[in-house]
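**Q** What the sequence shown shows, in numbering that gives the first Met the number 0, is residues 0 to 273, in sequence order.
Every residue gets a Cβ at the ideal spot worked out from N, C-alpha and C, and that includes glycine.
Can you keep this structure in mind? I'll have questions shortly.
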Amino acid sequence: MPALLKSLTIDEISLVDEPANDEARVVIIKARRPFDLAPGGAKPQETTMPDMDAIEAALAEAEQTITALTKARDEAEEERDDAKARIAEIEEEIAALQAELEEAKGEVEKARRAALAPEEAEEAFLKSLPEPARRRLVEAEAELAKARAREEEQAAIAKARAFAPGEEEARRLGGLLLRIEKGRTTPEDAAAVEQILKSARAIDARSLFFKALGSGGGQAEDDPERALQAKADEIAKARPDLSRAAAYAEAVQQNPDLYGAYVAKRRATIPAIV
C-alpha cells in the first residue's frame with residue numbers, strides 16, 4: 000500500500016545498475032515552506048492512487064470533442080469557400096443587371112429626347128454635357144452666330160453696291176436693307192428712308208422739268224422712281240400697319256432693278272445720296 004510521507008530528509012541519491020525494486024516509483028516535491036510537524040516527525044498516512052479509468056475516459060471524450068470541433072471547422076471553411084464563390088457569382092449577376100439597366104436608361108433617354116420639341120431637346124442635351132464641354136459648345140455657337148451675321152452683312156452690302164454711288168453709301172444702305180429684312184428697323188432707318196424719298200422727289204421734279212424742256216426725260220410710266228412709288232403704294236395698301244417710309248423701303252428691297260435704275264438716273268442728275 001503506498002504511503003504519503005510528509006517529511007523526509009535525503010542525504011544521498013545513488014544510481015545503480017540493478018535496483019532492488021524495479022517497480023518502485025518515488026515522487027519528490029519540494030515544499031514552499033517547511034511543514035509544521037511535531038517533534039519526532041509524523042506517522043505516514045495511506046494515500047489513494049488516481050482513477051486511471053476515469054482519466055482515460057476523460058481523455059477519450061476530449062479527443063472526440065476535438066475531432067468533432069475539427070470536423071465542424073473544416074465544414075465551416077468549406078461553406079465559407081462556397082459562400083465566396085456564390086458571392087462572386089451574385090456580383091457578376093449584379094454587374095450584368097446594372098449594365099442592362101444603364102442600356103435601358105439610355106434607350107429611354109433617347110426616346111424622351113425624340114419626343115421633346117427641338118428647343119427642349121437641345122436644352123436637355125446641353126444640361127447632360129459636362130460643364131467644360133457645355134461651355135465650349137456655347138462659345139462655338141456664339142462664334143458661329145457672329146460669323147453668320149458678318150456673312151449676312153457682307154451679302155447685304157454687296158447687294159447695295161449695285162445701287163449706291165460709293166462704298167460708304169453701300170455700307171449704309173446694306174445695313175438698312177438687312178435691318179428691314181430682319182424686322183429690326185430703328186428711328187434712324189426711318190429717317191434714312193425719308194431722305195431717299197426726298198431725293199427721289201427731287202429727281203422726279205427735275206425729270207419733269209427736263210421733259211417740259213423737251214430734253215428726253217421719258218414717259219412718266221417709265222420713270223423708275225414713279226414705279227417704286229407705285230410699288231410702295233401697293234405694299235402700303237396690302238399692309239396698313241406699315242408707315243409710308245417702311246413701305247417704300249420694302250419696295251426698294253423687292254425691286255432692286257428699279258432702284259438701280261433710280262440710282263443711275265440720280266447719278267446723272269444730282270450728287271450721291273448722303
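Along the chain, where does the alpha helix (DSSP H) that runs through G173 open and close?
**A** 166-181 is the span of the alpha helix (DSSP H), which, as asked, contains G173.
**Q** Please indicate yes or no: does the CB of N254 lie closer than 7 Å to some heavy atom of the ligand MG?
**A** Ligands are entirely absent from the displayed structure, and the ligand MG is therefore not among its contents.
**Q** Could you tell me the alpha carbon to alpha carbon distance between T69 and A103, rounded to whole angstroms?
**A** Computed Cα separation, rounded: 51 Å.
**Q** Would you call the region 230-241 and the region 185-194 in contact, with 3 or more CB pairs under 8 Å?
**A** With a cut-off of 8 Å, the region 185-194 and the region 230-241 do not count as touching, because too few Cβ pairs lie within range.
**Q** Pick from A132, P255, A245: whose alpha carbon is nearest that of K181?
**A** Checking every option, the nearest Cα to that of K181 belongs to A245.
**Q** Whose CA, out of D50, I179, K236, R265, lies closest to the CA of V251?
**A** Of the candidates D50, I179, K236, R265, the one whose C-alpha sits nearest the C-alpha of V251 is I179.
**Q** Should I156 go down as buried or exposed, given a rule of 16 or more other Cβ atoms within 10 Å for buried?
**A** The residue in question, I156, is buried, as its Cβ has 16 or more Cβ neighbours within 10 Å.
**Q** Quick one: what does DSSP say A19 is sitting in, helix, strand or coil?
**A** In this structure, A19 counts as coil in the three-state DSSP scheme.
**Q** Along the alpha helix (DSSP H) that carries I234, what are the first and last residues, could you check?
**A** I234 -> alpha helix (DSSP H) spans 223-237.
**Q** Do L176 and E152 have their C-beta atoms closer together than 8 Å?
**A** Not closer than 8 Å, so no.
**Q** Can you give me the C-alpha to C-alpha distance between A219 and E187, rounded to a whole angstrom?
**A** Here the model assigns A219 a pLDDT of 42, short of 50, so the residue's position is not dependable, and the following value carries that caveat. Near 31 Å, if we compare the C-alpha coordinates of E187 and A219.
**Q** Let's test the definition: count the other Cβ atoms within 10 Å of the Cβ of L58 and tell me whether it reaches 16, buried, or not, exposed.
**A** It is exposed - the Cβ of L58 has fewer than 16 other Cβ atoms within 10 Å.
**Q** Among the residues of its own chain, which have a CB less than 6 Å from the CB of T66, if the five just before and after it don't count?
**A** If we look at T66 and ignore the five residues flanking it on each side, it has no Cβ neighbours.
**Q** Here's the rule: buried if 16 or more other CB atoms are within 10 angstroms of the residue's CB, otherwise exposed. What is K145?
**A** K145 is exposed by the Cβ-count criterion.
**Q** How many Å lie between R149 and D256 at the Cα?
**A** C-alpha separation (whole angstroms): 25 Å.
**Q** If we count the other Cβ atoms within 10 Å of its Cβ and call it buried at 16 or more, is K223 buried or exposed?
**A** One detail in the question is off: residue 223 reads as Pro in this sequence, not Lys. P223 comes out buried.
**Q** Suppose you measure from the CA of G215 to the CA of R243; what does that come to, to the nearest Å?
**A** Confidence in G215 is poor, its pLDDT being 41 and thus under 50, which makes the residue's placement too unreliable to answer from.
**Q** Skipping 5 residues on each side, what residues in its chain have a beta carbon closer than 7 Å to that of A169?
**A** For A169, where only same-chain residues beyond five positions count, the Cβ hits under 7 Å are I156, A159, R160, A163.
**Q** Take T185 and list the residues in its own chain whose beta-carbon comes closer than 8 Å to its own, dropping the five residues that flank it on each side.
**A** Excluding residues within five positions, the ones whose Cβ falls inside 8 Å are R178.
**Q** Restricting to Cα atoms, I'd like to know which of L100, P239, Q228, A94 is closest to Q253.
**A** When only C-alpha atoms are compared, the closest one is Q228.
**Q** Tell me where the alpha helix (DSSP H) around E249 begins and ends.
**A** 243-253 is the extent of the alpha helix (DSSP H) around E249.
**Q** Look at the alpha carbon of D80 and the alpha carbon of Q63, and state the distance between them as a whole number of angstroms.
**A** Roughly 26 Å between the two C-alpha positions.
**Q** Please classify K264: is it buried, with 16 or more other beta-carbons within 10 angstroms of its beta-carbon, or exposed?
**A** By the neighbour-count rule (16 or more Cβ atoms within 10 Å), K264 is buried.
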